[in-house]
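Per our numbering, the very first residue in the sequence shown carries number 2; after that it's consecutive. Cβ coordinates follow ideal geometry from the N, Cα and C atoms, glycine included. As the structure is a prediction and not an experimental result, all values here were calculated from the model. Encoded as structure tokens, the structure appears first; notes follow it.
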Amino acid sequence: MDRPSALIDTRIIYCGDCLDQLRRLPDDCVDLCYIDPPFNSNRNYEVFWGETKERRSFEDRHESTRAYIEYMRPRCVEIARVLKPTGSFYYHCDWHASHYVKVMLDQIFGENNFINEIIWKRQSAHNDAKQGSKHFGRIHESLFLYSGDAAEYQFNHVYRPYDEEYVEKFYKHIEPETGRRFQLGDLGAPGGAAPSKGNPHYEFLGVTRYWRYSRERMQKLYDQGLIVQAKPASVPRLKRYLDEGKGVPLGSIWDDIKPIQSNSAERLGYPTQKPLKLLERILEVSSRPNDIVLDAFCGCGTALVAAQQQGRQWIGIDISPTACRVMAKRLRDVSYVQESERLWRLGRGFVVRDLPQTEQQLRKMPPFEFENWAVIALGGIANKVQVGDMGLDGRIYPVSVIPTVKSGSLDFMDIWYPIQVKQKDKAGRPDIDAFEAAMIRSERMKGFFVSFDYTGDALTEIQRFFTQTGRVIVPLTVKEILEQEIARKLV
Ligand SMILES: C[S@@+](CC[C@H](N)C(=O)[O-])C[C@H]1O[C@@H](n2cnc3c(N)ncnc32)[C@H](O)[C@@H]1O
Numbered sequence: 002m003d004r005p006s007a008l009i010d011t012r013i014i015y016c017g018d019c020l021d022q023l024r025r026l027p028d029d030c031v032d033l034c035y036i037d038p039p040f041n042s043n044r045n046y047e048v049f050w051g052e053t054k055e056r057r058s059f060e061d062r063h064e065s066t067r068a069y070i071e072y073m074r075p076r077c078v079e080i081a082r083v084l085k086p087t088g089s090f091y092y093h094c095d096w097h098a099s100h101y102v103k104v105m106l107d108q109i110f111g112e113n114n115f116i117n118e119i120i121w122k123r124q125s126a127h128n129d130a131k132q133g134s135k136h137f138g139r140i141h142e143s144l145f146l147y148s149g150d151a152a153e154y155q156f157n158h159v160y161r162p163y164d165e166e167y168v169e170k171f172y173k174h175i176e177p178e179t180g181r182r183f184q185l186g187d188l189g190a191p192g193g194a195a196p197s198k199g200n201p202h203y204e205f206l207g208v209t210r211y212w213r214y215s216r217e218r219m220q221k222l223y224d225q226g227l228i229v230q231a232k233p234a235s236v237p238r239l240k241r242y243l244d245e246g247k248g249v250p251l252g253s254i255w256d257d258i259k260p261i262q263s264n265s266a267e268r269l270g271y272p273t274q275k276p277l278k279l280l281e282r283i284l285e286v287s288s289r290p291n292d293i294v295l296d297a298f299c300g301c302g303t304a305l306v307a308a309q310q311q312g313r314q315w316i317g318i319d320i321s322p323t324a325c326r327v328m329a330k331r332l333r334d335v336s337y338v339q340e341s342e343r344l345w346r347l348g349r350g351f352v353v354r355d356l357p358q359t360e361q362q363l364r365k366m367p368p369f370e371f372e373n374w375a376v377i378a379l380g381g382i383a384n385k386v387q388v389g390d391m392g393l394d395g396r397i398y399p400v401s402v403i404p405t406v407k408s409g410s411l412d413f414m415d416i417w418y419p420i421q422v423k424q425k426d427k428a429g430r431p432d433i434d435a436f437e438a439a440m441i442r443s444e445r446m447k448g449f450f451v452s453f454d455y456t457g458d459a460l461t462e463i464q465r466f467f468t469q470t471g472r473v474i475v476p477l478t479v480k481e482i483l484e485q486e487i488a489r490k491l492v
């Protein structure tokens with residue numbers, strides 16, 4: 002297979018456990034890795050997809066902090082292996098396990114390679130500190146930054162605009178002619194009266210001492226009007242203008258990036274989606290153009306979008322096929338990069354690899370993932386509103402229907418077939434009965450049912466339903482979908 006990058010294939014979303022996927026990558030190949038694994042929250046995530054209110058549980062597998070750490074440890078060991086010695090690693094987590102995570106990461110990356118704990122203040126108030134609760138509002142998350150083993154690692158300072166208080170305090174002088182604010186800086190040599198680095202010693206404007214700059218440079222600054230002396234024989238000082246300052250170097254508390262709000266333009270409805278600005282900042286600090294960025298738990302692909310937009314190479318890994326499809330769509334829609342094997346080989350588009358393709362893999366998938374897989378494999382659209390859509394899992398709009406606009410509305414939207422999915426060895430009569438009821442309620446004449454197999458009773462019932470009502474249920478097996486390669490073509 003052709004390689005768009007000499008070192009390693011990039012612009013790929015790998016579907017699978019990052020432990021397995023990382024093991025396939027060579028040593029020392031990644032410049033920046035960011036991860037935001039599911040937290041050890043000991044509760045079920047309520048997942049709301051899109052704008053609608055589909056509530057699904059997303060089992061948090063980690064029963065205890067210890068189990069969580071033991072789950073994460075081998076994955077972080079792999080990350081440390083693939084990270085270049087000059088690379089950087091960010092682990093995003095919160096109070097549930099952050100202290101244990103820090104200890105684990107010190108063991109893996111080395112205490113000396115710990116650079117920072119960044120506090121991302123994501124909210125000013127939190128609803129977990131309601132009246133009656135007996136704790137402070139949990140309003141921040143932590144990001145642990147480690148470097149690889151090399152003495153030098155990528156770090157580009159980022160500056161924030163000065164705030165008013167800072168300006169008042171440190172730029173208190175105003176130039177009367179121009180109105181420009183400035184501060185007065187020290188011109189003395191660093192180290193005071195006996196500097197060690199051989200700074201020059203001479204007389205300037207009646208003051209003899211060790212100076213920061215050579216006599217020629219001092220003279221030039223003076224001629225430019227940048228050196229001021231309050232009164233004769235007082236120590237001259239250097240004018241530094243506010244409008245020429247870079248700003249305040251960013252510290253370890255980040256309180257200027259808002260979380261994704263329900264009305265954020267970038268919101269996809271994916272649980273725990275992180276703001277693009279956060280990832281943009283991380284990439285800006287710890288990578289250069291064309292560097293290789295890895296997100297091994299990439300959810301809906303925020304890090305990949307940031308990497309694509311900043312001209313970095315990227316690799317994403319996620320265990321969820323649904324997340325992989327969501328992020329692929331996001332890359333196409335938001336970053337305008339095409340999902341195409343042909344273009345990828347030419348070094349332009351991107352590809353998704355290792356989506357589940359065998360019955361065995363599909364049997365092991367969480368039910369929600371399996372339903373999405375089956376619906377998408379048939380070219381359908383997964384239903385967002387379970388409750389409001391009679392329990393159906395998805396719908397197909399037949400390709401034969403040509404959209405026509407009648408009196409301002411698209412009437413082809415009325416022609417759709419329901420899809421019902423059961424992740425069972427054999428779907429039985431009660432499953433078919435429930436689907437028949439849903440078809441009648443939604444006034445559908447044809448529907449698709451997907452399962453691994455069917456009992457004899459279920460197939461007899463499908464036949465009876467057709468004879469008595471003229472309505473068709475097409476029983477599809479997973480094997481059929483896979484063999485017809487529908488999955489590969491349509492997912
Ligand atoms: C908190 S979300 C990441 C959100 C992401 N930072 C974003 O902004 O969209 C965590 C993701 O990790 C994925 N995940 C969980 N276990 C995994 C594993 N072992 N390997 C790869 N991905 C995994 C989940 O499917 C989920 O999409």
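In whole angstroms, what is the alpha-carbon distance linking residue i and residue j?
i           : j           : result
residue 374 : residue 362 : 11 angstroms
residue 99  : residue 274 : 19 angstroms
residue 1   : residue 224 : Nothing can be reported for residue 1, as the shown portion of the chain is limited to 2 through 492.
residue 468 : residue 331 : 45 angstroms
residue 116 : residue 33  : 14 angstroms
residue 434 : residue 455 : 13 angstroms
residue 142 : residue 437 : 48 angstroms
residue 152 : residue 252 : 21 angstroms
residue 123 : residue 279 : 10 angstroms
residue 1   : residue 339 : No information on residue 1 is available, as it lies outside the stretch 2 to 492 that the chain covers here.
residue 102 : residue 118 : 12 angstroms
residue 476 : residue 452 : 8 angstroms
residue 281 : residue 39  : 21 angstroms
residue 249 : residue 160 : 5 angstroms
Quick one: what's got a C-beta closer than 6 angstroms to residue i's C-beta in the same chain, skipping five residues either side?
i           : result
residue 16  : 322, 325, 355, 356
residue 54  : Residue confidence for residue 54 is low, a pLDDT of 33 falling below 50, so the modelled location carries little weight and cannot support an answer.
residue 30  : 8, 9, 83
residue 77  : 109
residue 234 : 207
residue 341 : 350
residue 425 : 452
Using DSSP with H/G/I as helix, E/B as strand and the rest coil, what is residue i?
i           : result
residue 200 : coil
residue 481 : helix
residue 301 : coil
residue 236 : coil
residue 8   : coil
residue 452 : strand
residue 133 : coil
residue 315 : strand
residue 471 : coil
residue 427 : coil
residue 403 : With a pLDDT of only 39 at residue 403, under the threshold of 50, the placement of this residue in the model should not be trusted, and no figure is reported.
Quick check: does the Cβ of residue i come within less than 7 angstroms of any heavy atom belonging to ligand 1?
i           : result
residue 300 : yes
residue 38  : yes
residue 295 : no
residue 20  : yes
residue 324 : yes
residue 263 : no
residue 179 : no
residue 95  : no
residue 28  : no
residue 503 : Nothing can be reported for residue 503: it is not among the residues displayed for the chain, which extend from 2 to 492.
residue 274 : yes
residue 334 : no
residue 288 : no
residue 482 : no
residue 244 : no
residue 426 : no
residue 321 : yes
residue 318 : yes
Taking residue i as part of the alpha helix (DSSP H), name the residues at either end of that continuous run.
i           : result
residue 141 : Unbroken run through residue 141 is the beta strand (DSSP E), 141–148; no alpha helix (DSSP H).
residue 283 : 277–287
residue 253 : Run containing residue 253: none; DSSP gives neither H nor E here.
residue 363 : 360–365
Can you find the residues in the same chain that come closer than 7 angstroms, C-beta to C-beta, to residue i, ignoring five residues on each side of it along the sequence?
i           : result
residue 172 : 182, 183, 184, 243
residue 490 : Residue confidence is low: residue 490 scores 35 on pLDDT, short of 50, so the model does not pin down where it sits. Its coordinate-derived value is still stated next. Once the five neighbours on either side are set aside, residue 490 has no close Cβ partner at all.
Please list the terminal residues of the continuous beta strand (DSSP E) segment that includes residue i.
i           : result
residue 209 : 208–211
residue 89  : 84–94
residue 395 : 395–397
residue 16  : 13–16
Keeping to the same chain, check which residues put their C-beta closer than 8 angstroms to that of residue i; ignore five residues upstream and five downstream.
i           : result
residue 505 : Any answer about residue 505 is impossible in this case: the structure gives the chain only from 2 up to 492.
residue 360 : 453, 479, 480, 483
residue 73  : 38, 102, 105
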